[in-house]
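Quick note: to get this note's numbering, add 13 to the position in the sequence shown (first position is 1).
Here's the structure we're looking at; comments come further down.
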Amino acid sequence: MYRISLLLILGLFIIGILMCLVFLMAFLDVMFVSILGLIFSLFTIGYSIYLWRKRNEGEGFYWDDEGIVIDLKGNKVYWDEIEEIKFFKSSSTNMRSTVIYPHYTNHEKIRIRIKKLSPTPEHSIDWILIEKPKDYHKNLMKVWEEKRNSLKLK
Numbered sequence: 014m015y016r017i018s019l020l021l022i023l024g025l026f027i028i029g030i031l032m033c034l035v036f037l038m039a040f041l042d043v044m045f046v047s048i049l050g051l052i053f054s055l056f057t058i059g060y061s062i063y064l065w066r067k068r069n070e071g072e073g074f075y076w077d078d079e080g081i082v083i084d085l086k087g088n089k090v091y092w093d094e095i096e097e098i099k100f101f102k103s104s105s106t107n108m109r110s111t112v113i114y115p116h117y118t119n120h121e122k123i124r125i126r127i128k129k130l131s132p133t134p135e136h137s138i139d140w141i142l143i144e145k146p147k148d149y150h151k152n153l154m155k156v157w158e159e160k161r162n163s164l165k166l167k
């Protein structure tokens, strides 16, 4: 189990508190912008509290004999549905993620199972959410190679 990053949770919470204080101080001078800023800062604090609860509940990213958990709701992509798993690094934002590409014939099946409106050609697990992202990716790739080889033998 790879838990949600404590650094991300604390960072979001501190940024939300600081923004809240700044927009409260500027409330009388620039009321409209301050209200929008307060809403955004409260959203940031709320998201950090949500991540903290998920972390305390033991939610996170992992894989098992069935497949890979792709979100904090516990939705999975099964091993036999996966075509490829890759590392992705954005050139513009420097964000890193592990991207799971299901075979195109499974897009609709996955969409129905995770209750989305439209099919998703890939599922990205952003490294900023995970406590030990390099370890997660390295171990996932090892398991994927084993699973892929065992699926080919069948």
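We treat Cβ as the ideally placed atom computed from N, Cα and C, and that holds for glycine.
No experiment lies behind these values; they were computed from the predicted model shown.
Counting C-beta atoms within 10 angstroms of its own C-beta, GLY87 has fewer than 16 neighbours from the protein chains shown and is therefore classed as exposed. Burial of SER54 is indicated by the presence of at least 16 other C-beta atoms within 10 angstroms of its C-beta. Going by beta carbons, LYS67 and LEU85 fall inside the 8 Å limit.
Three or more beta-carbon pairs separated by less than 8 Å link the stretch 25-32 to the stretch 41-60, which places the two stretches in contact.
Judged by beta-carbon spacing, LEU21 lies within the 8 Å limit of LEU142, meaning their Cβ atoms are closer than that value.
Taking the CA atoms as reference points, LYS160 sits about 17 Å from ASN119.
In the three-state DSSP reduction, ILE30 falls in the helix class (H, G or I). Going by beta carbons, SER110 and ILE138 fall inside the 8 Å limit. Secondary structure at ASP77: coil, using DSSP grouped into helix, strand and coil. DSSP places HIS136 inside the beta strand (DSSP E), whose first and last residues are 136-139. With fewer than 16 other beta carbons inside 10 angstroms of its own, LYS155 counts as exposed. Note that the C-beta distance between ILE125 and VAL90 is not below 8 Å. When rounded, the separation of the alpha-carbon atoms in TRP65 and GLY71 is 10 Å. Residue pairing of ILE95 in beta bridges, as defined by DSSP: PRO115. The three-state reading of DSSP puts ILE17 in strand, counting E and B together.
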